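Take a look at the structure below.
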Amino acid sequence: MSYSVIVEFAADAVRAGVYGGRRMEELAFYAEPMERTAGRPVFEAAAAPLHAVARAMAADGYGRPQRLYFALSPWEITLRIVTVPFEERRKILEVLPFELEGLLLHEPADYVFDAVALGDGRVMVAAVEKTVLAGCLDVLSAEGFDPCRVGTPLFFLDALLEGVEEETGAPVLLTPFGLAAYAGGRPLFYKPVRRMEDIELAMEWLRREGAAVDGFYAAAMDVAALSRAFAGAAFRELALAAAPSEEKLALYAMSRSIASGRPWPVDFRRGEFAYTRERLAAVRRLKVTAFLVLCLLGLGAGDVYLRYMTLSREYEVASRTLREAYRRVFPSDTRIVDELYQMESSLKTLRDEAAVLGGPRMLDVLAALARAGSSRGLDVRFTEVRASGPRVVVVGEAASFEGAGALKEALLREELFSDVLLTEVKGKTSGKTGFSLAVTLRRE
């Protein structure tokens, strides 16, 4: 089961809550008292109790949370209200170093700050000293904790007011660690409280500002004593489903806010303290994915290259074999450009000639030539007969020019021939007449 942990450095204790799933249901709670002396930084005082809490969590199997959140006591935070002409968060954060000049104990560069918009151009700035934040993160890191968010429970009190704003539009909520006022669903004022004087200052600020408060609520506080102390404010006990104790209230408010998906109101993990583990993990995952993709592409390219080389070699072998076969079959053809094409062309010619020379019609041609040559006492001698498709070339000698013409006429009377052309007639020194006939076979 996935679980998250919220660690709080409260004013007098180190506390940790373990919450399961997205609904952030409490699974375990740990607390160790913290002794704080004047001038001693909170991270030094928290080191020993945090170690005890971490050991107890590890013993219960909660030593490796999926997400860890860290809360500083509101008394470790410096709060200031400034007026800025912007509402965009990015621009507000850009101008805050100039607006805070002279308003802090140290220079603005010595702080990490965030802001909550209060409306009407006013912004509540929450600042924590860099030395304090760095010390807290180092103490947490020593126990194997790396918080993804760092805030303070004071800004999470609105999560306790779910359902209350349906009855009243401007509630004030008082807790043992802070007071928060809201109007129209927006924050109006925040103040850490520890003593009655702190509450009196907060109530005086509300009166001075003329805040139209519709209802006063208290959680884990003595409602009767508050109502007696502030006659104009009838405090009511805030009804919470889980009814958390005073020491669990801060973590309960933060867990309810996280479970609801509300934006984190104030986060000090920014700038040089930005949380990078998830980003680095995402970068590593992207690098691994990119490496695997490159490997797959390399394997694919290698496979294509091997296939290409194999086919090329097979083609070269086949081409060489075909060329050698062509030279053996057609030794007279010395100019070879395309073996396959020339082989197909020559074989077609051979097939056509074979169809004439090797078929029964060639015997009929020879018989017809014999009949025509012996008719009417013609003195004819045939020296060559060549066949190419339906055309037969006949070369021979006759006794005279008239004998060659008579042979042509005799061949025309043969039913086997559709046309006979006397293409060449010439006299010879022997007194004979040489001739050449082009005979076309009749289609069957």
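Take any residue in the sequence shown, count from 1 to its spot, add 3: that is its number in my numbering. Glycine included, every Cβ here is placed at the ideal spot set by N, Cα and C. A quick note: this is a predicted structure, and the numbers were derived from the prediction, not measured.
For Leu425, which option in Glu418, Glu417, Gly434 and Val442 has the closest C-alpha, if you only look at C-alpha atoms?
Val442
Less than 8 Å separating the beta-carbons of Glu35 and Val56?
yes
In angstroms with no decimal places, state the Cα-to-Cα distance between Arg189 and Val216.
13 Å
So Lys194 packs on Gly181, CB below 8 Å; how close in whole Å?
6 Å
Indicate the three-state DSSP secondary structure (helix, strand or coil) for Leu440 in the structure shown.
strand
Would you call Lys429 buried or exposed, if buried means 16 or more other Cβ atoms sit within 10 Å of its Cβ?
exposed
Let me check one thing: in DSSP terms, what residues is Val17 bridge-paired to?
Phe12 and Glu35
Extent of the continuous beta strand (DSSP E) to which Lys429 belongs:
Phe420 to Gly430
Take the Cβ of Phe271 as the centre, count every other Cβ of all protein chains shown within 10 Å, and call the residue buried at 16 or more, exposed below.
buried
Find out if the Cβ-Cβ distance for the pair Leu410, Ala375 is shorter than 8 Å.
yes
Per-residue burial, Tyr308 [other beta carbons within 10 Å of its own, 16 or more giving buried]
exposed
Identify every residue that forms a DSSP beta bridge with Met60.
According to DSSP, which records beta bridges pairwise, Met60 is partnered with nothing at all.
Find out if the Cβ-Cβ distance for the pair Val128, Val85 is shorter than 8 Å.
yes
If I measure Cβ to Cβ from Val167 and keep anything under 6 Å in the same chain, skipping five residues before and after, which residues do I get?
Pro174
Here's a check: name, in chain order, each residue in its chain whose Cβ is nearer than 7 Å to the Cβ of Arg364, leaving out the five neighbours to either side.
Leu444
Terminal residues of the beta strand (DSSP E) in which Ala184 lies
Gly181 to Ala186
Where DSSP assigns a beta bridge to Ser7, which residues make up the other side?
Tyr22 and Arg70
Determine the direct distance from the alpha carbon of Phe233 to that of Leu176, and round the result to whole angstroms.
14 Å
Beta bridge counterpart(s) of Gly122 as assigned by DSSP:
Arg125
Report the option in Asp15, Glu207, Glu29 and Phe12 whose CA atom is closest to the CA atom of Ser258.
Glu29
Could you pull the start and end residues of the alpha helix (DSSP H) that Thr134 belongs to?
Lys133 to Ala145
Would you tell me roughly how many angstroms separate the C-alpha atoms of Gly138 and Glu47, rounded to the nearest one?
8 Å
Give the single residue among Pro334, Arg70 and Arg125 whose Cα lies nearest to the Cα of Ile95.
Arg125
Would you mind sorting Ile339 into buried or exposed? The rule is 16 or more other CB atoms within 10 Å of its CB.
exposed
So, Ala184 versus Leu209, is the Cβ gap smaller than 8 Å?
yes
Alpha carbon to alpha carbon, how far is Thr313 from Leu71? Give it in angstroms, no decimals.
57 Å
Buried or exposed (CB count within 10 angstroms, at least 16 for buried), Arg331:
exposed
In angstroms, rounded to a whole number, what distance separates the CA positions of Phe159 and Lys251?
13 Å
For the alpha helix (DSSP H) holding Leu2, just list the boundary residues, first then last.
With the chain covering 4 to 447 only, the question about residue 2 has no answer from this structure.
Report the rounded CA-to-CA distance for Thr352 versus Leu295, giving the unit in angstroms.
58 Å
How would you call Val320, buried or exposed, if buried means at least 16 neighbouring beta carbons within 10 angstroms?
exposed
Take Lys431 and list the residues in its own chain whose beta-carbon comes closer than 8 Å to its own, dropping the five residues that flank it on each side.
Glu400 and Gly437
When you compare only the Cα positions, how much space is there between Gly64 and Arg26?
20 Å
Over the uninterrupted alpha helix (DSSP H) stretch that includes Leu99, give me the two end residues.
Arg92 to Glu102
From Pro100 to Ala186, what distance separates their C-alpha atoms?
28 Å
Run through the stretch 365–409 for me and flag every whole beta strand (DSSP E) of 3 or more residues, listed as ranges in chain order.
383–391 and 394–401
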